[in-house]
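Those sequence lines, one after another, are chains A and B. In terms of this note's numbering, the first sequence is residues 2 to 173. In terms of this note's numbering, the second sequence is residues 2 to 787. C-beta: ideal position from N, C-alpha, C; glycine also. Computed from a predicted structure; not experimentally measured. A short worksheet on the structure shown next.
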Amino acid sequence: MTVLKNIAAIAKGMSITFMEMFQPTQVENYPDGPGPLKGAKFQDRFRGVHVLQRDENGLEKCVACFLCAASCPSNCIYIEAAENTAEHRVSGAERYARVYNIDYNRCIFCGYCVEACPTDAITHGHGFEIASFNASGLVYRKEQMLAPQPAHMGANAVFNHAEVASGELGVR
Amino acid sequence: MADVNITVDGKKVAAPAGTLLIEACKSAGIEVPSFCYYPNLSLQGACRMCLVKVEKMPKLQTACTTVISEGMAVSTDTPEIHQARKSMVEMLLGNHPLDCPVCDAGGECELQDMTFAYGAAESKFIDIKNHREEQQWSPVVYFDRPRCILCYRCVRVCGEGMDVWALGVQNRGVSSVIAPNKEDHLECEECGMCIDICPVGALTSGAYRYKTRPWEMRHVGTTCTHCADGCKTTLGVRRSDTGMEIVRGDNRDKSGINGDFLCMKGRYAFDFANHEDRLTQPLIRKDGRLTPSTWEEAFELIGRRFKEIRDSAGGQAIGVVGSTRTTNEENYLLQKFARVALGTNNIDHHRTADFPALAAALRGKPEATASMRDVFKAPAMLLIGNNPTEQHPLLAWQIRNNVRLHKARLYVINSEPVKLRRQAVNFIQIPVGSEGNVARFLSGDDSAAGSISNPTATRDAWVALRDKLRGEQNLVIIFGSEIRGEDIASLVKFGSAVPSAKFVCLSDYANSRGAADMGLYPDLLPGYHPMSDAGKWRDEWGGVPQTPGLTLPQMVESAKAGNLKAFYVVGANPVGRLGIDAFSFSQRFVVVQDMFLTETALIADVVLPAANAYEKSGTVTNTCGDVQFLQKAGEITGAKSDFEMTVRIADAMGFDVSKLVPFSRGTHSDMGQSRGAQSGEVDRHGVWLEAQGLEPKMSPFDPTAILDEIQRLVPGYGVSRANLLAGNDQHTTLSGSGAGVQHDPALIAPANDTLFTSGTLGRYSRALNSVMENRQKQPAEEVAAD
Numbered sequence: 002m003t004v005l006k007n008i009a010a011i012a013k014g015m016s017i018t019f020m021e022m023f024q025p026t027q028v029e030n031y032p033d034g035p036g037p038l039k040g041a042k043f044q045d046r047f048r049g050v051h052v053l054q055r056d057e058n059g060l061e062k063c064v065a066c067f068l069c070a071a072s073c074p075s076n077c078i079y080i081e082a083a084e085n086t087a088e089h090r091v092s093g094a095e096r097y098a099r100v101y102n103i104d105y106n107r108c109i110f111c112g113y114c115v116e117a118c119p120t121d122a123i124t125h126g127h128g129f130e131i132a133s134f135n136a137s138g139l140v141y142r143k144e145q146m147l148a149p150q151p152a153h154m155g156a157n158a159v160f161n162h163a164e165v166a167s168g169e170l171g172v173r
Numbered sequence: 002m003a004d005v006n007i008t009v010d011g012k013k014v015a016a017p018a019g020t021l022l023i024e025a026c027k028s029a030g031i032e033v034p035s036f037c038y039y040p041n042l043s044l045q046g047a048c049r050m051c052l053v054k055v056e057k058m059p060k061l062q063t064a065c066t067t068v069i070s071e072g073m074a075v076s077t078d079t080p081e082i083h084q085a086r087k088s089m090v091e092m093l094l095g096n097h098p099l100d101c102p103v104c105d106a107g108g109e110c111e112l113q114d115m116t117f118a119y120g121a122a123e124s125k126f127i128d129i130k131n132h133r134e135e136q137q138w139s140p141v142v143y144f145d146r147p148r149c150i151l152c153y154r155c156v157r158v159c160g161e162g163m164d165v166w167a168l169g170v171q172n173r174g175v176s177s178v179i180a181p182n183k184e185d186h187l188e189c190e191e192c193g194m195c196i197d198i199c200p201v202g203a204l205t206s207g208a209y210r211y212k213t214r215p216w217e218m219r220h221v222g223t224t225c226t227h228c229a230d231g232c233k234t235t236l237g238v239r240r241s242d243t244g245m246e247i248v249r250g251d252n253r254d255k256s257g258i259n260g261d262f263l264c265m266k267g268r269y270a271f272d273f274a275n276h277e278d279r280l281t282q283p284l285i286r287k288d289g290r291l292t293p294s295t296w297e298e299a300f301e302l303i304g305r306r307f308k309e310i311r312d313s314a315g316g317q318a319i320g321v322v323g324s325t326r327t328t329n330e331e332n333y334l335l336q337k338f339a340r341v342a343l344g345t346n347n348i349d350h351h352r353t354a355d356f357p358a359l360a361a362a363l364r365g366k367p368e369a370t371a372s373m374r375d376v377f378k379a380p381a382m383l384l385i386g387n388n389p390t391e392q393h394p395l396l397a398w399q400i401r402n403n404v405r406l407h408k409a410r411l412y413v414i415n416s417e418p419v420k421l422r423r424q425a426v427n428f429i430q431i432p433v434g435s436e437g438n439v440a441r442f443l444s445g446d447d448s449a450a451g452s453i454s455n456p457t458a459t460r461d462a463w464v465a466l467r468d469k470l471r472g473e474q475n476l477v478i479i480f481g482s483e484i485r486g487e488d489i490a491s492l493v494k495f496g497s498a499v500p501s502a503k504f505v506c507l508s509d510y511a512n513s514r515g516a517a518d519m520g521l522y523p524d525l526l527p528g529y530h531p532m533s534d535a536g537k538w539r540d541e542w543g544g545v546p547q548t549p550g551l552t553l554p555q556m557v558e559s560a561k562a563g564n565l566k567a568f569y570v571v572g573a574n575p576v577g578r579l580g581i582d583a584f585s586f587s588q589r590f591v592v593v594q595d596m597f598l599t600e601t602a603l604i605a606d607v608v609l610p611a612a613n614a615y616e617k618s619g620t621v622t623n624t625c626g627d628v629q630f631l632q633k634a635g636e637i638t639g640a641k642s643d644f645e646m647t648v649r650i651a652d653a654m655g656f657d658v659s660k661l662v663p664f665s666r667g668t669h670s671d672m673g674q675s676r677g678a679q680s681g682e683v684d685r686h687g688v689w690l691e692a693q694g695l696e697p698k699m700s701p702f703d704p705t706a707i708l709d710e711i712q713r714l715v716p717g718y719g720v721s722r723a724n725l726l727a728g729n730d731q732h733t734t735l736s737g738s739g740a741g742v743q744h745d746p747a748l749i750a751p752a753n754d755t756l757f758t759s760g761t762l763g764r765y766s767r768a769l770n771s772v773m774e775n776r777q778k779q780p781a782e783e784v785a786a787d
């Protein structure tokens, strides 16, 4: 009896396998697809490499309040703040982040920083190809994450890291 | 007085009559929120956060202005009270900007806390906020008017506490605004107390402005390294490229001898530690130029030269100058190094007060020195000489507030109309330099009265003052460095006629007292023991040179004559501060340990970059004799503590360092100095190492080993180690000291620092310099005329 039962189980299992063989393919054509994303598709809510947003005047939204760093469970955000002056204005408020580093060796993409941000300055983009053989290159600086200056004032799209990297979007 | 019994939230509380309800609640562990109430300041009743329900009273009462009475039944948290507080917060937020993310007080703001606790998340006010631009009132004080909640704490602490009265209120009602004394800027002592006491971010510090946030820093409570009062200052440190950077100084830990107080220097003048002129590698003179080199090369050279000179010309050919800012352990080690390893008694320091004379006069008189805390409690105080407002801000604060809060009587005798005369019941101005005559007159020598009498202070007035002082109980006698030598003995003689009189001798630098106690004298061992009384030191160290050495001026003469061949200066700038001719040392081997290229370092053959008092642990003694612990806060790559450098020089000389630092004896604990990045914290991983049997015991660089020896051998220093390590101040007495010796009074050179200068160190503080520049632009008069 046991033998028969086992054979039945295998037959049941293999039937699913064989059935799937004749179904249409669900796999995306990554990395051979077209465009900067190479065929990868994302849900909007996907949490990829961070993008530091700018406001409608092209100024950085980040005011260096350190709340993202405080909320970060893996302690991967490093900020140095500095004061805006009339001659050198970087953000809309009194203070801006002179240094803003995220260490992607440590980041777990939990999104707490985005939740914590009082000015919606930090958001998750869709960048995902960050694997590297060089760990020191995984500490991203502000310049690597900052959204480009808007080509036309008023637009404040959420930029895609990969698109930005490929130079398809945004004009500096 | 019998205690009054009240009931708070069903809990029985007993407190002395006259206690405020808010304080009674606090003593029972019930926190009543408040903005305007602050202990030891006058009552305001402005914020209405402390409303509580007192039975049989029709309306809610303010706990901060209600005095408890027998049988009072109080509830502090009912829905009605909660609603009242919530409305108060809502009203305050009516015009308070929601700029918490960029506000420097964010994270340690009382209004934030209250909003979280009582949560008026929704505002019913639709009016436009009354915005005003932020104003800079001084280089270190910024005022953001819309953030102000009008609790008037700053106004009161500036006036009542500091007696400066630089802040006031303009207009009435909702348009009230805090205003500085000079239209758009402040002319004050820049103490920053208003910033510390501000419950919100209305008053913020220029030095810390937008640098970081409170939770990003590690807060280290240590002892200020500027004047000789020894305030506890809390340094906020952050990791930086070169170690640990100090970003803020404040007074959030109120447990120190300074209580609420901190002056300009303690609060802002930590920035010398991050100055770009800091030396970070040893310099050796090669072909006439100071050239960067390695530690090994420097130690090897110093060790070789010191040994050569000692062996060829004897120890008396080497002179050593100690520091008034290094720790007790370092000072003790330095004089031990000089006496044992170099074999010389030629050791001195920049003397700013005659402690040996005081020790000699107080010998065998227990309880005859006052601690800084005693000054706040004494019923009567006599101040002769000095200007504590400028040179001893904490002492001045203690005196002022003792007068204000405890109705103490203050007698001031000074050659200048010092600011503390405003608190005095009796102020007598005397001719410059006649302080000694006052001491002699007080001790009963009536012939001295002639030189100090004048039309405003007649002979009869002086006699009346003396009689009055003799009638005081527990008089604290505070005197400056104007009184030296024999005059101190006279003053002590007068003091012994007053019941329980205590003394405070004022010196000028952070560890001037420690340097004196630790025996940085050519003729005195630690604890003011003369060379003839070297018994226990000889046993302990295995030999002490017999003949007294040279004082600093004698060393200079000796160097000119060619007898002194090497000069070892630790953390001092005798060329810059004491006017020594630099050319005296032109053919000598000079070693300087310092943070900067001072005038003295410029003539050196080897300069070793030293860590400052904020970058190491150890103990320091303030001018009253209160010993306190230094916690390591900052760190800069490339600098070493003076302790380590002295030990390594001894090692390079081929001297057995275990004879210098008894590091296999005593308590096996590490002060946290030798353990890298985590150092400064209570040694957590030392506990782990010990459990694993891996505890490295003590290294020769561990100052605890020397502290053991100090506590064992130096009279008065046998204080509780546990208390010391816990960060409490411990008073040392002089009653068990050695006999001392008479010194030439001319050896004492007062630093004459003001509120905004601090010896050589002060030059490297940007905050102090910016305030001084600002003052030169707008010369200040004495604030608030009498």
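How is residue i classed by DSSP in three states: helix, strand or coil?
i, result
"H732(B)", "strand"
"M672(B)", "Only weak support exists for where M672(B) lies, its pLDDT of 48 falling under 50; the coordinates are left without a value."
"A10(A)", "helix"
"T459(B)", "coil"
"T234(B)", "strand"
"L52(B)", "strand"
"Y31(A)", "coil"
"I285(B)", "strand"
"H407(B)", "helix"
"L335(B)", "helix"
"F428(B)", "strand"
"P40(B)", "coil"
"Q594(B)", "strand"
"W138(B)", "strand"
"D100(B)", "coil"
Among the options, which has the Cα closest to the Cα of residue i?
i, options, result
"G207(B)", "I198(B), Q137(B), I150(B)", "Q137(B)"
"Y209(B)", "V201(B), V142(B), E191(B), Y153(B)", "V142(B)"
"C108(A)", "Y31(A), H51(A), K39(A), V28(A)", "H51(A)"
"E135(B)", "I103(A), C118(A), E95(A), H89(A)", "E95(A)"
"L1(B)", "M194(B), G202(B), A118(B), R249(B)", "In the structure displayed, chain B extends from 2 to 787; residue 1(B) sits before or after that span and is not available."
"F273(B)", "S70(B), V9(B), G760(B), K778(B)", "G760(B)"
"T223(B)", "N613(B), D643(B), T638(B), A747(B)", "N613(B)"
With respect to the beta strand (DSSP E) encompassing residue i, which residues constitute its N-terminal and C-terminal limits?
i, result
"P181(B)", "178-181"
"E81(A)", "78-84"
"S206(B)", "204-206"
"S771(B)", "From DSSP, S771(B) is part of no beta strand (DSSP E) but of the alpha helix (DSSP H) over 767-778."
"D4(B)", "4-9"
"S76(B)", "74-76"
Provide the residue span of the alpha helix (DSSP H) that contains residue i, from first to last.
i, result
"K561(B)", "553-562"
"F442(B)", "436-443"
"G481(B)", "Unbroken run through G481(B): none, as it is neither H nor E."
What residues of chain C sit near residue i, judged by a beta carbon separation below 9 Å?
i, result
"A83(A)", "Checking the listed chains, one finds no chain C in this structure; the protein chains it contains are A and B."
Checklist entry - Between the segment 206-239 of chain B and chain A, which residues of the former have a C-beta closer than 7 Å to a C-beta of the latter? => result R210, Y211, K212, T213, R214, W216, E217
Next on the checklist: Assess contact between the segment 388-400 of chain B and the segment 762-771 of chain B, defined as three or more Cβ pairs (one per stretch) separated by less than 8 Å. Is contact present?
Outcome noted: no
Checklist entry - What residues from the segment 96-110 of chain B come within 8 Å of chain A, judged by C-beta to C-beta, listed N to C? => result D100, C101, P102, V103, G107
Checklist entry - Given a limit of 7 Å on CB to CB distance, which residues of the segment 103-122 of chain A reach chain B? => result P119, T120
Next on the checklist: Check whether the segment 557-568 of chain B and the segment 315-333 of chain B touch, using three or more Cβ-Cβ pairs below 8 Å as the test.
Outcome noted: yes
Next on the checklist: Beta carbons nearer than 9 Å to chain B: which residues of the segment 55-70 of chain A have them?
Outcome noted: V64, A65, C66, F67, L68, A70
Checklist entry - Are three or more beta carbon pairs between the segment 233-241 of chain B and the segment 349-364 of chain B nearer than 8 Å? => result no
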